[in-house]
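There are 2 protein chains.
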Amino acid sequence: MAAPSSLENLVESLRCLPGVGPKSAQRMAYHLLQRDRAGAQRLSDALRHALQALRHCQRCNTFSETEICERCASSKRDPSLLCVVETTVDMNMMEQTQAYSGLYYVLMGRMSPLDGIGPRELHLDRLLARISDGAVREVILATNFTNEGEVTAHTLGEMLKSRGLKISRIARGVPVGGELEYVDSGTLAQAMRERKTI
Amino acid sequence: MAAPSSLENLVESLRCLPGVGPKSAQRMAYHLLQRDRAGAQRLSDALRHALQALRHCQRCNTFSETEICERCASSKRDPSLLCVVETTVDMNMMEQTQAYSGLYYVLMGRMSPLDGIGPRELHLDRLLARISDGAVREVILATNFTNEGEVTAHTLGEMLKSRGLKISRIARGVPVGGELEYVDSGTLAQAMRERKTI
């Protein structure tokens, strides 16, 4: 005998969440229905509202409720610096460091030739349009140091270097607080190669 | 500079899901908005619909779109057997075995004195009312073999044994396919104590 269809439907719908398989979806559905109906209602409303309200900032491509996001519209940021990150989460991480006061461009992804995600799928033309605003002087590539992030940075570097802009990549090395004993050898080798004179 | 409020609101709302902390909630929100807006819309609708449609079956306490669920209303089940389980998931697991054709009662929880969940919070009075229908002859306690499940089974056993019904507990022992080498000693000791003459 099957479960009631609206329950099945809820379990199935929860699987659109990343990392949620059939077992967790079932657990989540029962939890919401049994223990947190108010939370479920809030979640339903929040999803609907976010879908309606959020679009991409025309300048940095992050999620925004306005055409140009608050950060891009701010006069307190340095418009000559543009930091390219893969995701909005990465942008938030960078902001939390308080070490950067320029603007951002969020790729909303990374190149992944194996998955068929190339320059076109990443809409790199939008980034090219963005850097041609006359204000940007330096593009800082802050994609991840994964294979895909590195490919993305390399491709962007090739595309941008003919444009007369300074192109930089955030530094690689032993993490702050990191002990050499526990750092992987790739990182350590890189840290050695990129050693700085003090 | 803060994230747009409908985004913050969505991230916060996702945290009502069990096992979802701030980091995963953020990852889920961005995934939905960036990669699966259709899925997000379906989830919003499924939540709303499930909240409206699902209530508890008046007889077995499971989720149902009707006052009495399909299983309890079925004439193909043996009404003299009542299997008491903690959750709807447990009931589904038991159904999948195809080893049981009686009816169920779903506690929707377990006793947990440390969390203040006693007989009253579990609404055991409803179970007592359920078994007094004149048809039930045997109550099978199929709560988990955890501390809390055992406390629940013990309490139910004490409550029910004066009612002139047969009370049973599902068997404990070495799992099918289990190797003694890898079974914990508590299970093994129990399997030894409850050994059966063949």
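Chains as they are written, first to last, in the numbering used here: chain G, 2 to 199; chain C, 2 to 199. For each residue, glycine too, the CB sits at the ideal point set by N, CA and C.
With hydrogens ignored, establish whether the beta-carbon of residue i is closer than 8 angstroms to any heavy atom of the ligand MN.
{"i": "THR153/G", "result": "By its list of ligands, the structure shown contains no ligand whatsoever, and the ligand MN lies outside what it can speak to."}
On the DSSP bridge list, what partners appear for residue i?
{"i": "PHE64/C", "result": "HIS57/C"}
{"i": "ARG16/G", "result": "Per DSSP, none; premise fails for ARG16/G."}
{"i": "LYS167/C", "result": "GLU139/C"}
{"i": "ILE118/C", "result": "SER113/C"}
Hey, residue i and residue j are a contact pair by Cβ (cut 8 angstroms); roughly how many whole angstroms apart?
{"i": "GLY1/C", "j": "ASP79/C", "result": "Not covered by the structure: residue 1/C. The range shown for chain C is 2 to 199."}
{"i": "SER45/C", "j": "SER45/G", "result": "5 angstroms"}
{"i": "GLN35/C", "j": "MET109/G", "result": "5 angstroms"}
{"i": "MET95/G", "j": "VAL107/G", "result": "About 11 angstroms separates the two Cβ atoms, so there is no contact after all."}
{"i": "ARG164/G", "j": "ILE132/G", "result": "7 angstroms"}
{"i": "MET92/C", "j": "LEU129/C", "result": "So it is not a contact: roughly 19 angstroms between Cβ atoms."}
{"i": "VAL175/C", "j": "THR188/C", "result": "6 angstroms"}
{"i": "GLY135/C", "j": "ARG111/C", "result": "28 angstroms between Cβ atoms; not a contact."}
{"i": "TYR105/G", "j": "THR63/G", "result": "7 angstroms"}
Which residue comes first and which comes last in the beta strand (DSSP E) that contains residue i?
{"i": "TYR105/G", "result": "103-107"}
{"i": "CYS73/G", "result": "Where CYS73/G is concerned, there is no enclosing beta strand (DSSP E), although the alpha helix (DSSP H) it sits in stretches over 71-74."}
{"i": "ASP79/C", "result": "79-86"}
For the alpha helix (DSSP H) containing residue i, name the first residue and the last one.
{"i": "LEU123/G", "result": "Looking at the DSSP string, LEU123/G is not in any alpha helix (DSSP H), and its letter there is neither H nor E."}
{"i": "ASN145/C", "result": "From DSSP, ASN145/C is part of no alpha helix (DSSP H); its letter is neither H nor E."}
{"i": "ARG36/G", "result": "23-36"}
{"i": "ASP91/G", "result": "89-98"}
{"i": "ARG194/C", "result": "186-194"}
query: Okay, do the stretch 10-20 of chain C and the stretch 59-68 of chain C touch, 3+ Cβ pairs below 8 angstroms being the bar?
result: no
query: Does the stretch 42-53 of chain G come within contact of the stretch 71-83 of chain C, defined as at least 3 CB pairs closer than 8 angstroms?
result: no
query: If you measure beta-carbon to beta-carbon, which residues of the stretch 3-24 of chain C are closer than 9 angstroms to chain G?
result: ALA3, ALA4, PRO5, SER6, SER7, LEU8, ASN10, LEU11, VAL12, GLU13, SER14, LEU15, ARG16, CYS17, LEU18, PRO19, GLY20, VAL21 and LYS24
query: Is there contact between the stretch 137-150 of chain C and the stretch 92-112 of chain C, where contact requires at least three CB pairs shorter than 8 angstroms?
result: yes
- prompt: Counting Cβ pairs, one atom from each stretch, are 3 or more of them under 8 angstroms apart for the stretch 108-125 of chain C and the stretch 148-166 of chain C?
  reply: yes
field: Interfacial residues, the stretch 85-98 of chain G to chain C, with Cβ spacing under 8 angstroms
entry: THR88, THR89, VAL90, ASN93 and GLU96
- prompt: Does the stretch 131-140 of chain C come within contact of the stretch 82-92 of chain C, defined as at least 3 CB pairs closer than 8 angstroms?
  reply: yes
Positions along the stretch 29-48 of chain G whose CB lies within less than 9 angstroms of some CB in chain C: MET29, ALA30, TYR31, HIS32, LEU33, LEU34, GLN35, ARG36, ASP37, ARG38, ALA39, GLY40, ALA41, GLN42, ARG43, LEU44, SER45, ASP46, ALA47 and LEU48
message: So if I threshold CB-CB distances at 7 angstroms, which residues from the stretch 52-67 of chain G count as touching chain C?
response: LEU52, ALA54, LEU55, PHE64, SER65 and GLU66
message: For the pair the stretch 7-14 of chain C and the stretch 23-38 of chain C, tell me if three or more CB-CB distances fall below 8 angstroms.
response: yes
query: What residues from the stretch 104-134 of chain C come within 9 angstroms of chain G, judged by C-beta to C-beta, listed N to C?
result: MET109 and GLY110
query: Which of the residues in the stretch 146-174 of chain G, read from start to end, lie with their CB under 8 angstroms from any CB of chain C?
result: none
message: At a CB distance below 9 angstroms, what residues from the stretch 183-195 of chain C approach chain G? Give them in sequence order.
response: none
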